[in-house]
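First the structure, in the form of structure tokens, and then the observations on it.
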Amino acid sequence: MNRVKGKYDVLIVGASLAASACAKRMVDAGLDVVALERNILPRHKVCSGILSPRGHRFLIENFGPLPREVLHEPTSCRGVTFHFPSMISIPMDFEGGPTPHLHRKFSDYWAIKSSGVEIHEGTSFTGLEDDGKMLNVTAKQGDKEVQYKTHFVIGADGPRSRVRHSIYGDYNKSIPWFMVGQKFQRIIECPLDDDYFHFWFHPELGHYTWSHARNRRQILGVGFPVGGNLHTYHARVEKYLRDKHGVKLEPAEEMEGCSHNFGPSLINSYVFGKGNVLITGQAAGFFNMLAEGMSCALHSGAIAGEAVVEAIHSNRPVQEVYRRQIASEVKRCTDQWNPFRIIFGNPHEADFKASLRKLSKKEQLIVIRDIVRFLKIYAPYKWGRQILAQSFMRIIRGEYPSSRWL
Amino acid sequence: MKIPIIERGFIPPDPVAPDSLKGIPRQQTNPVRWKGDSWQDFVDHLKADGVIIRQERSECAVFDTDSGGLAYGLPHGIVRPNSAEDISKTLKAAQTYKVPVTTRGGGLTTEGESVAFGGLLLDMTSMNNVLEINQETMTVRTEAGIFWHQLAEMLRRDGMDYLSAPLNLTASVGGTLGVGGIDVNSPRLGCSADQAVALQVVTPTGEIVECSETENPELMERVLLGYGQFGVITEATLKIRKFSPITMKYFYYSSLRTAIEDLQFIAKEDAADYCGILTIIDRAITLLVAFDSDEREKEFNERWRKKMRGHGEIGFGIRMALHYLLHPWRFKEALYIIGRRLTLFPEFSRTEFMRDNKIVDRTVVFSRAVWKYWGGRQMVIPDLSAKAEKFAEAVERGNAVCRKYFKYYTLYCVGIKLRGRLPRYEMSCIPADASDIAYGCEFEPMLKDMDYSRDHLQAFKNEIYDIGVDMGLSYYRFGGMMKGYIRRVFPDEVVDRHLAMKREADPAMILNPDVIF
Numbered sequence: 030m031n032r033v034k035g036k037y038d039v040l041i042v043g044a045s046l047a048a049s050a051c052a053k054r055m056v057d058a059g060l061d062v063v064a065l066e067r068n069i070l071p072r073h074k075v076c077s078g079i080l081s082p083r084g085h086r087f088l089i090e091n092f093g094p095l096p097r098e099v100l101h102e103p104t105s106c107r108g109v110t111f112h113f114p115s116m117i118s119i120p121m122d123f124e125g126g127p128t129p130h131l132h133r134k135f136s137d138y139w140a141i142k143s144s145g146v147e148i149h150e151g152t153s154f155t156g157l158e159d160d161g162k163m164l165n166v167t168a169k170q171g172d173k174e175v176q177y178k179t180h181f182v183i184g185a186d187g188p189r190s191r192v193r194h195s196i197y198g199d200y201n202k203s204i205p206w207f208m209v210g211q212k213f214q215r216i217i218e219c220p221l222d223d224d225y226f227h228f229w230f231h232p233e234l235g236h237y238t239w240s241h242a243r244n245r246r247q248i249l250g251v252g253f254p255v256g257g258n259l260h261t262y263h264a265r266v267e268k269y270l271r272d273k274h275g276v277k278l279e280p281a282e283e284m285e286g287c288s289h290n291f292g293p294s295l296i297n298s299y300v301f302g303k304g305n306v307l308i309t310g311q312a313a314g315f316f317n318m319l320a321e322g323m324s325c326a327l328h329s330g331a332i333a334g335e336a337v338v339e340a341i342h343s344n345r346p347v348q349e350v351y352r353r354q355i356a357s358e359v360k361r362c363t364d365q366w367n368p369f370r371i372i373f374g375n376p377h378e379a380d381f382k383a384s385l386r387k388l389s390k391k392e393q394l395i396v397i398r399d400i401v402r403f404l405k406i407y408a409p410y411k412w413g414r415q416i417l418a419q420s421f422m423r424i425i426r427g428e429y430p431s432s433r434w435l
Numbered sequence: 011m012k013i014p015i016i017e018r019g020f021i022p023p024d025p026v027a028p029d030s031l032k033g034i035p036r037q038q039t040n041p042v043r044w045k046g047d048s049w050q051d052f053v054d055h056l057k058a059d060g061v062i063i064r065q066e067r068s069e070c071a072v073f074d075t076d077s078g079g080l081a082y083g084l085p086h087g088i089v090r091p092n093s094a095e096d097i098s099k100t101l102k103a104a105q106t107y108k109v110p111v112t113t114r115g116g117g118l119t120t121e122g123e124s125v126a127f128g129g130l131l132l133d134m135t136s137m138n139n140v141l142e143i144n145q146e147t148m149t150v151r152t153e154a155g156i157f158w159h160q161l162a163e164m165l166r167r168d169g170m171d172y173l174s175a176p177l178n179l180t181a182s183v184g185g186t187l188g189v190g191g192i193d194v195n196s197p198r199l200g201c202s203a204d205q206a207v208a209l210q211v212v213t214p215t216g217e218i219v220e221c222s223e224t225e226n227p228e229l230m231e232r233v234l235l236g237y238g239q240f241g242v243i244t245e246a247t248l249k250i251r252k253f254s255p256i257t258m259k260y261f262y263y264s265s266l267r268t269a270i271e272d273l274q275f276i277a278k279e280d281a282a283d284y285c286g287i288l289t290i291i292d293r294a295i296t297l298l299v300a301f302d303s304d305e306r307e308k309e310f311n312e313r314w315r316k317k318m319r320g321h322g323e324i325g326f327g328i329r330m331a332l333h334y335l336l337h338p339w340r341f342k343e344a345l346y347i348i349g350r351r352l353t354l355f356p357e358f359s360r361t362e363f364m365r366d367n368k369i370v371d372r373t374v375v376f377s378r379a380v381w382k383y384w385g386g387r388q389m390v391i392p393d394l395s396a397k398a399e400k401f402a403e404a405v406e407r408g409n410a411v412c413r414k415y416f417k418y419y420t421l422y423c424v425g426i427k428l429r430g431r432l433p434r435y436e437m438s439c440i441p442a443d444a445s446d447i448a449y450g451c452e453f454e455p456m457l458k459d460m461d462y463s464r465d466h467l468q469a470f471k472n473e474i475y476d477i478g479v480d481m482g483l484s485y486y487r488f489g490g491m492m493k494g495y496i497r498r499v500f501p502d503e504v505v506d507r508h509l510a511m512k513r514e515a516d517p518a519m520i521l522n523p524d525v526i527f
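If you're matching them up, the sequences are chains A and B in order.
Note that my numbering numbers the first sequence so that position 251 is 280, with each residue one more than the last.
Note that my numbering numbers the second sequence so that position 242 is 252, with each residue one more than the last.
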């Protein structure tokens, strides 16, 4: 039998960083907000945990000083080191200083609790209907179905967003999906600097290959198109690191993985929802370069919350407000993939160009050649022309066209 | 998992890394809502004391943000005091039950200083009576919740005027005295706070105290420019002067630095009664000067006019026309200037406000024009305050930040006459290294019909404020100093000394708790 759980101004699906930022904005403004989380909190989350300095600043300014419990060991990451097949390595420090290595299980819990939102744990969103006056949301608590009535729904429920699926049923089939998997291995010998996040531009290893230290173990991670085999990719990466970088590790103790919608942020193809249903965070397609999704999740989540507050204040359609306000975050995120911004500006939080200039001219050319070779593995997705077209539009109009947003 | 409670004013070491965020001791600027412990006991206590407290959601929701619109919070309840006694009872009870109390006048703060993140909001606008206009001592005694336009209206009836007030006249007198208050005559007459000769203050522990430069001078120095940390100003005695219509002149510049140099020249030589810079775009800058009397205008024309490097309107118009003929792809910029000229300037000479070619009430004209044609509904006005030598560089750097974030924006520059080195200036909007005249500049994006995320606007503001940190400046007018910057701009020794004074004056740290500590 259905049970009506109550009426809220806003219902958020998800309890991660995007949801927390969104909730904070609306709770502060005095709205009645509930967040539905399908797991029991604190819950595990697959993530590198390396937050950008901008995200770190957002957390402090909105949720206060970070408790030690929300951090892994090492607690910080000084920057990123790029490695190339030619064996040139380029370390780059984050411009804002060392940044947190978040323990997502606890950082997300801390943020959502600090937001002051009412949380319904163990509650899975299953669908929504608009009755013309309010949105009727159905969810499952165990094997019971429950209903909520609300004016606004925010989908902050990650790449496989159920809220997005409920309003755009075919969307998941329309974009390419990637798997990222990481294995945790005890260290026998590891010459990689544990102050840095390491990334390989190597087309034979995978579409996205990284390594960093966590709690006295080394993480080896790799991303590849859905359908690939994690163990095969991982074995290749492990061998490469052993042979080329002298990284000796014990057999993996743990492994984990998840799928990602890597792509919409490159080609300005975001999904922001319909009517009073807003999509935000990674569900909307926000993903920074190097797959750091947390800072843009925080900021886009906050903007979703602000848009609801502003729409109520000014009696305007929330989609219109959200889509106008989110433009700055779209710019910030998509600029990171925009070749003109990369060449003529500095859209990242670490200065790659300055680090590149420290190399000899010959090495610089080798690095550029390696990057071009690496990018070729993305050719099947036909993103290149779209990125260029969007980059031109950015020059002409000063922003990315909103006509491509769903 | 236990979420730690951080003591006010204390910044714990960042567990991430000692040099995380480049060692900047950033603070939570968007505070957690107070949980409401002991709220009901507090309410019961106030009711028993005869203080009326409103708790309806509709009442509280009115105050959910300030003019800046970047911080939101709801009070648990609101008191609209009728007297200093009401405030005294409220603060005594707040100390007992440790309930945060936020004071609010016109709510014209821009960083959430007058937003209550839970607790009690003291809406001071209920105390808005003018008590006495004394033409012998040339002072007015007024309740501090009065708006400047209400005060102006009362003074005009007696042919009087205040000395200087913020251009937005819906600021309250009490709120203005707590932060500064700058007018276009501030290069001559100083900030609004410096015109207070006596105050009635309710201290954070509920004592009603009279203070002036001779009676309880220490409290006076703490309360003026004190961000509301050391007491609630309930009454103020302010200097006044005879009201006079003014005449106004404009000079036009295409170089910001030249305009600033001329502004500083006028201020230094006391060549005009009013002077300030308002920019339209980077290459169309207006320096306005105005005079209280024909004699002062005549003196300006004879002694100083020829030293001004700005152009008259026709000369400048021809230069601009030539410039855009040679740069036709910038035609939109030209149209913008023409549009501003056609809509804005007539506002300064509307017939209902003019008599014998003089502006009869600058208060109305300036306030109306500024808030109608600059910025937008939301006040996003980061500012910098500098000593004379650093000012031009500060403005140019701030202007470059504006250009990065917005297409159209305006800068408002004005001088502030200082009264020596008063204790009230320490840790205030007055730059620590300024003497005689300090200068301030507001950087104001044109936000009308625009929608920007709060993050975009806050990032813009922070980049302006970071210039202040880098150059050793201060910030003026609206709130003066921000919590997130106070330990970046001032040495820990100074902040800790003020924090110790605050703790002594306000043991439960309940009065305006989230403003600077």
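Using N, Cα and C, we set each Cβ at its ideal position, and we do this for glycine too.
Can you grab the Cα-Cα spacing for the pair residue i / residue j, in whole Å?
i, j, result
"asparagine 244/A", "phenylalanine 401/B", "50 Å"
"arginine 378/B", "proline 523/B", "33 Å"
"valine 420/B", "lysine 458/B", "Per the sequence presented here, residue 420/B reads as threonine, with valine not at that position. Taking the straight line joining both Cα atoms gives about 13 Å."
"alanine 379/A", "cysteine 287/A", "27 Å"
"glutamine 354/A", "serine 329/A", "9 Å"
"phenylalanine 301/A", "lysine 360/A", "15 Å"
"lysine 12/B", "glycine 129/B", "23 Å"
"methionine 437/B", "glutamate 121/B", "17 Å"
"isoleucine 474/B", "valine 111/B", "30 Å"
"methionine 137/B", "lysine 427/B", "30 Å"
"tyrosine 486/B", "serine 395/B", "6 Å"
"glutamate 17/B", "valine 146/A", "23 Å"
With 8 Å set as the bound, which would you pick, yes or no: does the beta-carbon of residue i sit closer than that to a beta-carbon of chain B?
i, result
"lysine 390/A", "no"
"isoleucine 355/A", "yes"
"lysine 125/A", "The sequence given here places glycine at residue 125/A; lysine does not occur at that position. Answer yes: the Cβ-Cβ gap between glycine 125/A and chain B drops below 8 Å somewhere."
"glycine 93/A", "yes"
"proline 293/A", "no"
"leucine 100/A", "yes"
"phenylalanine 135/A", "yes"
"glycine 377/A", "According to the sequence as given, residue 377/A is histidine; it is not glycine. It does not: the Cβ of histidine 377/A has no partner Cβ on chain B nearer than 8 Å."
Evaluate residue i with the Cβ neighbour count: other Cβ atoms within 10 Å of its Cβ, from every protein chain shown; 16 or more gives buried, anything less gives exposed.
i, result
"phenylalanine 373/A", "exposed"
"lysine 512/B", "buried"
"methionine 116/A", "exposed"
"glutamate 439/A", "In the structure as shown, chain A starts at 30 and stops at 435, and residue 439/A therefore has no counterpart that could be examined."
"valine 109/A", "buried"
"lysine 4/B", "With chain B covering only 11 through 527, there is no way to say anything about residue 4/B."
"threonine 361/B", "exposed"
"asparagine 344/A", "exposed"
"arginine 97/A", "exposed"
Which residues does DSSP list as the beta-bridge partners of residue i?
i, result
"glutamine 160/B", "Partner(s): none; glutamine 160/B has no beta bridge."
"proline 144/B", "Here the sequence assigns asparagine to residue 144/B, which means proline is not the residue at that position. Note: asparagine 144/B sits in a beta bridge opposite Thr149/B."
"glutamate 147/A", "Val63/A"
"cysteine 439/B", "Answer is none; cysteine 439/B lacks a bridge partner."
"proline 455/B", "Tyr419/B"
"valine 424/B", "Gly450/B"
Indicate whether at least one CB of chain A lies closer than 8 Å to the CB of residue i.
i, result
"glycine 489/B", "The predicted model places glycine 489/B with a pLDDT of 49, which falls under 50 and marks its position as unreliable; any figure quoted below should be read in that light. Not an interface residue."
"histidine 86/B", "no"
Does the Cβ-Cβ distance between residue i and residue j come in under 8 Å?
i, j, result
"serine 324/A", "methionine 121/A", "no"
"lysine 442/A", "glutamate 218/A", "Residue 442/A falls outside the range modelled here, since chain A spans only 30 to 435, and no answer is possible."
"glycine 320/B", "aspartate 272/B", "yes"
Closer than 7 Å to a non-hydrogen atom of the ligand ZN - does that hold for the CB of residue i?
i, result
"glycine 327/B", "You won't find the ligand ZN in this model; it holds no ligand whatsoever."
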